Structures are given as C-alpha cells and as structure tokens.
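Report on the structure given below.
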Amino acid sequence: MIRRTRTQVGRLQVAVAEIPGLRSVASLLALDAGQLAEPRGRSGVARLTAQTLLRGTETRSAQEWSEGLDAIGASSRLDVGGQAALFSGQCLTGDLRAYLRLVAEAVLHPALAAAELEFVRQQALAQIEEDKKDTRAVAEKTWRELAYPPGHPFHTRAVGDEAVVRSTTTEELRRFHSDHVVGGGAVLVIAGGAGAATAIDAVNEAFAEWPAGRARPAAAALPSVLSATVRRDVVVPDKTQCDVVLGWHGLPRNDPRYVAARVTNMVFAADTFASRAGNVVRDQLGLAYYVFSTLGSTRVASPWLVRMGVNPENVTRAVGTTFDELRRMHEGDIAEDDLALAKDKLVGELDVALESPGGVAQLVLEAELFDLGDDHFERYPRELRAVTKDQVVETTRSFLPLDRYALAVAGPPLPA
Amino acid sequence: MSGDLPLVRQLSNGLVLHALEARHAPVVSLWVWYHVGGRNEVPGTTGMSHFLEHMLFKGTPGHPKGDLDRLLARYGASWNAFTNADVTCYFETVPADRYATALGLEADRMRNALIALEEVEAERTVIVSEREGYENDPSFLLGEEVQAVAFSRHTYGQGVIGSKEEIKLMTRDGLYEHYARFYSPSNAYVVIVGDGEAEALLDEAATAFEDVSGDPPPPVPKAPEPPQMGEKRVVVRRAGGALPMVQLAFRSPRATDPLAAALSGLTVVLSGGGGAGDGASGRSSRLYRALIDAGLATEIEASFQLMKDPYLFWVEASLRPGVPHVDVERIILTELARLAAEPLDQSELTRVRRQMLAGMAYPTDTITGRAYQLGQLLSSGAARSIGEWYDRLSALTADDLREAAAATFAERSRTAGWFVPDDHVASRPGTDTRRAAPGDTR
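Top to bottom, those sequences are chains S and G.
Each step along the first sequence adds one to the number in this note's numbering, with nothing skipped, and position 353 is 353.
Each step along the second sequence adds one to the number in this note's numbering, with nothing skipped, and position 380 is 380.
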C-alpha cells in the first residue's frame with residue numbers, strides 16, 4: 001500500500017512516497033502548462049517553452065546547467081502533454097537536493113534567451129519534418145485534425161503547428177512561462193529511497209520561491225463533438241506498413257464514470273494479449289503485430305484511441321474486426337470472464353507497479369493531480385472491482401459510439 | 001556493490017538457477033534464458049529463433065493457447081519475451097503469491113510447446129507484420145544493411161528477425177526441430193529476483209524444473225569473423241524517411257574481453273549512455289556538444305552491447321535537414337580520434353563515472369530491471385553479478401577509456417552507413433534487409 005506524506009510550498013503541491021531500501025528516487029513535477037494552457041491558435045508554444053527551459057538559466061548557460069545535471073548522473077526530461085508539462089527524472093537518493101535545485105532553477109529562473117529559442121525552434125522544425133514521413137506521427141496528426149476543430153488544444157500534436165513554431169517570440173515564451181509554468185497549478189511527487197522528512201526538506205529549500213496564491217485558471221477548451229464518422233487515408237511513400245488510429249473524445253478523469261471507462265477500455269482493446277480486440281485481430285486472425293488502446297487522463301475529455309500497425313492489404317479487415325468486437329459490447333455480449341479478467345488485471349497491476357519508484361510516482365501523481373482523496377489507494381481497487389457489466393455496456397454506448405468516430409490511416413496506398 | 005552475488009544452484013538436468021532477494025515490493029520476477037538466437041541460424045532459416053519465441057505463447061497440452069496470457073493478465077503481471085542474436089528470454093513479474101504459477105508455466109513450455117501447424121500459419125502473418133513495422137523506420141533499414149556489410153562470415157550479420165521471404169518459408173517441422181534442439185534445461189538458465197529469501201526462491205524453482213528432462217547442450221556455433229582489412233561503406237536511399245542519417249559501426253570485442261567495460265564507458269562519454277536528443281540529460285556528452293549544440297543533428301547515440309562473440313560499437317546521428325552527411329561523419333570521426341589520443345580530464349572522468357554508476361542503479365531499483373540486468377550479464381559471461389560489473393565500471397581510469405578507444409575506433413575496422421532521404425524513389429515495399437532491433441520483443 002502506498003503511503004503519502006504531503007506538504008505545500010507556495011502554490012506547489014508536494015507528495016512524497018518513501019520506498020525503503022532503494023538507492024534512487026523518481027521525481028515527477030507536473031506543471032499546468034500543457035496544450036490546454038496554450039493561447040488559442042498558438043499550438044507549439046507549450047513545447048517550445050518547455051524545451052527552452054532546458055537551455056540555460058539566469059545564472060548558468062545551457063552547457064553549465066546540463067553539466068550540473070550530468071555531474072550527478074540524473075536521468076531527466078521535460079515533456080508536454082494535453083494537460084501538463086511533465087518534468088520527470090530519477091537520481092540517486094543522496095543527490096535529491098542537488099537535482100531539485102537544478103529543476104527549480106530551470107523552472108523558476110530560466111534565461112529564455114533568443115539564441116536558445118532559435119536553437120529549440122530549429123530542433124522542433126526538424127522534428128516536424130521527420131514526422132511527415134513517420135506513419136505513426138502522420139496517423140495521429142491526421143486523427144487530431146479530423147476529431148477536433150482548428151483552434152482546439154488537441155487539434156495538433158504537442159510539437160505544434162509549423163507556422164506557430166516559426167513565428168513564436170521570446171516575449172511569447174516569457175508570457176507563457178509567467179502565466180502558466182509558474183502561474184498555474186503544479187504538483188511535485190517524489191517516490192523512492194529518500195525519507196519523507198529529508199525529501200520535504202530538500203523540496204522546501206529548492207522551491208522556496210515558488211509563488212503562493214491562486215493558480216491562474218486555464219482557458220476552457222473549445223467544445224467539440226464528433227457528430228459523424230470521419231475517415232482520412234494518407235499515403236506516406238515508400239513504407240511497408242500502415243499505422244491506424246481509431247478514436248473518440250473520451251471523458252474527463254474526474255467524471256464519475258471514469259473508473260468504469262478504464263475497465264471498459266481493458267475489456268475492449270487496452271492490452272494486445274488480454275483484451276478482445278487484440279485477441280481477435282492478432283491472436284486469432286494474425287492481422288497485426290500490435291493492437292492496443294489508450295484512454296486519456298486529463299481534467300477535460302481527452303482522446304480515447306485504438307492504434308494498430310497493419311499491412312495495407314489487411315487494414316479493412318482489421319478495422320472491421322475491431323468494430324465487430326465493439327458492436328458485441330454495445331449489444332451486451334460481454335463474457336463474465338472477460339469482465340473479471342479486465343478487473344483482475346487492473347487491480348493486479350497496482351501491486352506490480354509497487355516494484356518501481358517510477359510506477360509508484362505515477363500512481364501518486366494521478367491521485368494528486370485529480371484530487372482523488374486521501375483514501376484513494378484503499379478505495380480505488382474496490383471501485384474497479386465494483387464495476388458491473390451494465391456499466392461497461394453503458395460506457396461503451398456513451399463514449400465509443402459506432403456511428404461517431406474518427407479514423408486515420410497512414411502508410412502505403414490501400415488496395416482499391 | 002560487491003556482495004550481491006546471487007545464490008546459484010545447478011539441477012541434475014543441467015539447468016542453472018540464480019536467485020536474489022529484493023524486498024521492497026511484494027512481487028517476484030522470473031526470467032528463463034535459452035542460449036539460442038540469431039547466431040544459431042543459417043541462411044534459409046534466418047528469424048527461426050524469433051519465430052519460435054512467438055510459438056511458445058501458443059499452448060502446451062497442459063495449457064492450451066491463450067491460457068498463459070489470460071492467467072498472467074489476471075494477476076496484473078508484466079510478461080513478455082525477446083530474442084536477440086545470442087539468447088531467447090521469457091519473463092514474468094508477478095505478485096509474490098503467484099510465483100509458483102509462473103514457475104509452472106515456464107517449466108511446462110520448456111519442453112511441451114505444441115507448435116501446432118495452424119498456429120504457425122496464424123503467427124507467420126503477425127511476425128511479417130512485426131517486420132513490416134520495423135521497415136517503416138529508416139534507422140532499422142540502414143542498420144540492417146550496415147550490419148550485413150560489417151560481417152562477412154559470422155552469423156551476427158544476419159540479424160534476428162530474419163528476412164521476410166525466409167519468415168514466409170519457415171516450416172512447422174523446422175521450428176519444432178529447432179525447439180527440440182535448443183530448449184533443454186542444459187541449454188538454459190533461470191534468474192529469479194523478488195520478495196522472498198533467495199534459498200526459498202531457489203527451492204521453489206528447483207521443484208518446478210527438476211523433472212524437466214532434456215538433451216546435452218548443443219554445440220556452440222563457430223563461424224569466426226576474419227579481421228577486417230579496410231573501411232566498408234553502404235548507402236540506403238529511400239523516400240520513407242525525412243531526415244538524413246549517419247551510422248558508424250566499429251568491430252568490437254566480446255563481453256568477456258578486458259576492454260568491454262571501457263567500451264560501455266565510452267558510450268557515456270559520447271552520448272550520455274542512452275543517447276541524447278530532446279531529453280534533459282546527456283547534454284554534456286561529446287557528441288551532443290559537437291553535433292546537436294552545433295545545430296547539425298537532432299539526435300545522437302553511441303551503443304555497445306555485451307555479446308558472446310565480437311560484435312559492433314555503434315554511433316548513430318540523425319541530421320538536421322540539409323546538413324551534409326560528410327560533415328557529420330567527419331566530426332564524429334574527429335571526436336573518436338580525440339578519445340583515442342587524449343585521456344579524459346579528471347572533471348569529465350568524474351562526471352562520466354557518476355553517469356555510468358547511476359545509470360546502473362536506476363534499472364536495478366526495480367525488481368524486473370534487476371533480474372533483467374543480472375540475466376543479461378550472465379548471458380554473455382560479462383560478470384557473475386551486477387556488483388561485479390558495477391565494480392569494473394567504477395574502476396575505469398582515463399587511460400582505460402583512451403586505450404579502448406584507440407583499439408576500437410580504427411579506419412580499417414569500421415563500416416559507415418548513410419541514409420539518404422530520396423523523394424524521387426518509387427514505392428518498393430519489402431526490400432530484403434536483415435537487421436532486427438537489438439531486443440526483438442514479442
């Protein structure tokens with residue numbers, strides 16, 4: 001069972017989970033500076049800001065800061081997702097104080113210098129160029145364009161819109177940093193070999209300057225609905241396999257139906273080997289190497305996606321078979337054993353996750369980000385177990401409709 | 001880290017068991033390693049070990065197809081398998097009270113896999129699909145060609161997943177023969193790490209495996225690679241990639257060679273150990289500074305794998321659009337020559353040593369990672385324990401690194417590969433290339 005010790009530094013919400021006997025700690029700092037925080041029509045600003053945070057501070061050049069990080073052997077990165085910019089890392093327990101100081105310096109006192117923005121801009125443009133020939137990236141980009149209107153935060157991938165990446169200024173980065181990176185909500189989770197008192201002491205020292213007061217609320221996302229079936233096939237030349245993304249809009253993490261949706265996702269397609277879609281598409285028919293689905297977890301509804309890699313000759317059959325399974329779920333054709341398996345797996349994974357400081361940190365982060373309650377870790381397995389077949393059918397009908405979805409296929413031309 | 005030697009026991013059937021305690025979570029990680037991989041294949045059967053790995057999830061008389069996956073899923077286990085050039089490995093991390101079930105499943109499929117004809121046919125298309133997924137990746141396409149050119153005799157040149165044509169020709173009888181030959185207790189070892197006393201973990205494993213019968217171990221394949229006499233070059237032109245790429249592969253020694261630890265250290269000097277790009281770490285590495293900070297590349301990686309036989313030290317760079325290959329190749333070679341000529345100064349050595357040792361600590365702070373790392377060291381004979389390898393890395397000096405660089409980064413032992421994005425190449429699916437991802441996972 002995970003035990004949390006919590007504190008607050010300014011507006012920064014902190015939770016520590018000690019795992020005695022480990023030599024390292026995992027650290028997750030979730031900043032309310034993801035795609036949802038981007039100004040409307042400025043997709044890419046969040047990631048450009050995040051990457052520029054890693055390129056020097058007010059007192060250290062990019063090279064000096066990275067030497068400091070590598071000198072303690074820390075493993076670290078800063079990624080932008082739908083809701084949060086996530087500064088994730090791992091360091092030796094004895095280096096926690098030094099690691100947090102480096103993170104705090106980058107987040108609170110970045111240089112955001114013009115030359116560094118230019119460096120980051122060119123890297124982002126190269127990434128956009130590379131993604132144009134990457135079937136997975138093309139399929140996801142296409143799906144987002146089909147599923148969300150222009151201007152919606154999820155209309156583009158986090159790397160952003162090429163025109164925005166080309167035109168972003170340092171002033172824009174500074175404003176985003178001020179409004180969202182340090183102006184928004186933030187949660188820091190530390191899990192591993194550090195004792196709670198030691199970890200909190202290190203947090204207090206590193207983040208003493210974190211602003212207090214109310215977090216700036218992010219603008220509400222544009223409403224969006226999938227009112228029909230939309231599909232687009234994109235030819236990516238000189239490829240062998242198609243990547244397929246099939247999806248819906250999902251539901252917010254705090255929706256009371258979310259736990260049932262997790263079970264539904266597992267029954268349907270979450271796992272290539274344990275879910276129905278994978279079982280039929282891969283194991284029975286041999287149509288694909290991978291088939292899996294993911295259910296987004298943010299404060300607004302975020303994508304619920306099925307992905308598969310399929311030979312162009314098999315795309316129609318693989319997608320059709322996936323829909324056959326979904327149709328059966330709509331009709332209530334769900335074996336008791338499939339439902340029990342899904343629940344057993346989700347509950348069992350909670351125990352297995354305890355083996356890793358990163359796994360524990362992820363569980364704690366979700367509980368903190370969505371304010372799931374002090375008794376979440378006792379309650380959550382019971383909530384999973386309590387999900388009924390009727391709830392799964394209802395969730396399927398509500399959130400995975402057969403007549404309203406977006407489907408994107410990227411790869412070689414499909415047969416006529 | 002000395003003193004973490006696993007408890008070892010050999011059973012009468014030849015199977016060797018290794019166990020370590022790890023008490024921080026109520027789970028056990030069980031890994032069964034077979035000494036069979038791409039190196040045991042001959043032209044015409046490339047990819048057979050990997051194909052067979054897939055078939056071991058397709059049932060035994062005691063556990064029909066689907067049983068194993070559903071049983072392990074029900075426990076919340078993480079489980080999978082992979083094949084590389086040297087070994088094939090099956091693993092599961094399960095709640096500690098399910099350890100006996102996991103042992104039962106592994107002991108059963110060591111000798112009792114059905115490998116039914118209809119399942120071979122169904123899985124063939126899955127494996128073709130796996131290979132086609134790799135073919136979408138320019139790094140795979142180029143690496144496969146470089147690897148094929150780098151070896152003229154040794155089977156390492158064939159890769160792991162096999163050519164698509166040979167996957168299509170694989171027969172059920174051929175697979176079963178491969179299984180009967182290599183899946184035997186005397187050709188395998190087991191690593192267990194988890195929440196129990198090592199002695200007790202071994203006792204349970206011994207009970208599960210002691211009645212598994214088998215043949216003597218098969219002979220070790222011998223196809224020594226003759227010395228390389230000069231640089232080899234290969235260019236892959238495809239439309240299926242947007243960024244140019246450079247790969248350099250240098251002949252490097254086997255895992256048991258005294259230079260192996262220093263070559264592992266050199267990957268940290270060059271790219272931070274795991275490669276560097278948009279992550280925050282690894283940016284003080286030499287290739288990040290020389291190529292990414294300089295605006296010439298988007299990602300760089302240096303890698304060296306611990307292998308049974310002499311293999312390759314790889315350097316890869318993805319170039320920014322428009323940057324000439326020759327410029328990047330020249331800078332990489334300059335950096336490698338500098339490593340061969342000048343020892344690291346104390347400050348860089350201290351930083352690199354810390355990165356190496358922390359980089360070992362992180363994966364071994366998970367029970368699954370600790371079991372994998374121990375098993376991986378045992379597979380090639382690099383060390384008998386994680387601590388032993390850790391101590392060898394700790395003891396590396398600047399001279400050790402310089403000497404390893406001088407011995408390895410020679411013009412006559414390198415193969416250079418360029419990936420050239422070419423928008424004018426017509427679509428031509430299914431080229432015959434032969435390098436698989438290093439850890440070819442089910």
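Ideal Cβ placement from N, Cα and C applies to all residues, glycine included.
Model, not experiment: these values are computed from the prediction.
Counting only C-beta atoms, is residue i closer than 7 Å to chain S at any point?
i	result
A361(G)	yes
N112(G)	no
A100(G)	no
Q147(G)	no
L344(G)	no
S284(G)	yes
R74(G)	yes
D257(G)	no
V27(G)	yes
R320(G)	yes
Please check if any C-beta of chain G sits within less than 7 Å of the C-beta of residue i.
i	result
I334(S)	no
P237(S)	yes
R282(S)	yes
I417(S)	Because chain S in this structure spans residues 1 to 416, residue 417(S) falls outside the shown range and cannot be described.
Q90(S)	yes
S356(S)	yes
D344(S)	yes
A71(S)	yes
G250(S)	no
G348(S)	yes
Q123(S)	yes
S66(S)	yes
So with CB distances below 9 Å, who are the chain S contacts of residue i?
i	result
P218(G)	Near P218(G) there are no residues of chain S at all, since even the closest Cβ is about 29 Å away, more than 9 Å.
Closest to residue i by C-alpha separation, out of the options, would be which residue?
i	options	result
T198(S)	R23(S), G94(S), A114(S), M308(S)	G94(S)
L12(S)	E336(S), D324(S), A270(S), V189(S)	V189(S)
G34(G)	S252(G), Y90(G), W79(G), L169(G)	Sequence check: residue 34(G) is Tyr here, not Gly. Among S252(G), Y90(G), W79(G), L169(G), the Cα nearest to that of Y34(G) is on Y90(G).
T264(S)	V230(S), R157(S), T388(S), D134(S)	T388(S)
V160(G)	I127(G), Y189(G), D137(G), S186(G)	I127(G)
A139(S)	L285(S), V244(S), D79(S)	V244(S)
R370(G)	N13(G), V27(G), A276(G), S129(G)	V27(G)
I72(S)	S284(G), I331(G), Q147(G)	S284(G)
L401(G)	E231(G), G265(G), E225(G), R286(G)	G265(G)
Return the CA-CA distance between residue i and residue j, expressed in angstroms with no decimal places.
i	j	result
P221(G)	N40(G)	6 Å
Q10(G)	V16(G)	4 Å
W389(G)	M307(G)	14 Å
R404(S)	R23(G)	49 Å
P153(S)	R121(S)	20 Å
P256(S)	L402(S)	23 Å
R289(G)	E299(G)	11 Å
V393(S)	H330(S)	6 Å
G44(G)	G38(G)	12 Å
A180(G)	G66(G)	22 Å
D69(G)	A77(G)	10 Å
C91(S)	R124(G)	43 Å
L105(G)	V190(G)	13 Å
N187(G)	N13(G)	10 Å
E38(S)	L400(S)	28 Å
Using a C-beta to C-beta distance shorter than 9 Å, which residues of chain G count as neighbours of residue i?
i	result
D161(S)	Here the premise fails: no neighbours, minimum Cβ distance about 17 Å.
R77(S)	D278, G279, A280, S281
Mind pulling the chain S residues with CB within less than 7 Å of residue i?
i	result
N136(G)	T135, K239, T240, Q241
E123(G)	G286
R392(G)	None at all; the shortest Cβ gap to chain S is about 17 Å.
Q355(G)	D70, G73
S78(G)	V352
Along chain G, which residues have their Cβ under 8 Å away from the Cβ of residue i?
i	result
A288(S)	V126, S129
R310(S)	The question names Arg, but residue 310(S) in the sequence shown is Val. Those are S129, listed as they occur along chain G.
D271(S)	A73
So which residues of chain S does residue i contact, with C-beta pairs closer than 8 Å?
i	result
D4(G)	Residues of chain S passing the Cβ test: none, with the nearest at roughly 12 Å.
Taking C-beta pairs closer than 7 Å, name the residues in chain G that residue i reaches, listed in chain order.
i	result
G21(S)	R23, H24
Only counting runs of 4 or more residues, tell me where the alpha helix (DSSP H) segments fall wholly within the region 229 to 311 of chain S, in order along the chain.
-> Taken in chain order, the unbroken stretches of alpha helix (DSSP H) that lie wholly in the region 229 to 311 of chain S and span 4 residues or more are 258 to 268.
Fully enclosed by the region 94 to 171 of chain S, which alpha helix (DSSP H) runs are 4 residues long or longer?
-> DSSP assignment within the region 94 to 171 of chain S yields the following whole alpha helix (DSSP H) runs of 4 residues or more, N-terminal first: 96 to 108, 114 to 131, 135 to 147, 162 to 167.
Between the region 167 to 192 of chain S and chain B, which residues of the former have a C-beta closer than 9 Å to a C-beta of the latter?
-> Looking for chain B here will not work: the only protein chains present are S and G.
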